[in-house]
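Have a look at the structure below, then the notes.
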Amino acid sequence: MNESNNSEISRRRVFSLFGLGFALGFAAPTSMLMTSDAEAQTLGMERRQERRAGRHERREERRTGRHERRDARRGGTTTDGTKTKN
Numbered sequence: 429m430n431e432s433n434n435s436e437i438s439r440r441r442v443f444s445l446f447g448l449g450f451a452l453g454f455a456a457p458t459s460m461l462m463t464s465d466a467e468a469q470t471l472g473m474e475r476r477q478e479r480r481a482g483r484h485e486r487r488e489e490r491r492t493g494r495h496e497r498r499d500a501r502r503g504g505t506t507t508d509g510t511k512t513k514n
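Here the sequence shown is numbered in this note's numbering, starting from 429 and rising by one per residue.
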C-alpha cells in the first residue's frame, strides 16, 4: 500500500515548499513597499528643499528692499555702496 515511486512527492516536502513559497511571497511585497517609500521620501525631500530655497530667496529680497528704503529715508548709502540723493 505504501509504495514509493520517484514521481511522488511526500507530504513533508509539499508542506515545506508551501511554507517556503508563503515566506517568499510575504517578504517580496514588503521589500517592494520599502523601495517605493524610499523613492517617495526622496521626492518629498527634494520638493521640500525647493520650497525652502524659494522662501529664503524671497526673504532675502524683502530684507534687501527694506534696507534700501530705510537707507534712502535716512539719507545713507544703499546696499551697493552708493550715496543716495536727498
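Where is the CB? At the ideal position from N, CA and C, for every residue including glycine.
Cβ-based neighbour list, residue i, same chain, cut-off 6 Å, excluding 5 preceding and 5 following
i	result
R440	none
I437	none
Nonlocal neighbours in the same chain, by C-beta distance under 8 Å from residue i, ignoring five residues either side
i	result
R487	none
Spatial neighbours of residue i in its chain, beta-carbon cut-off 7 Å, leaving aside the 5 residues before and after
i	result
E489	none
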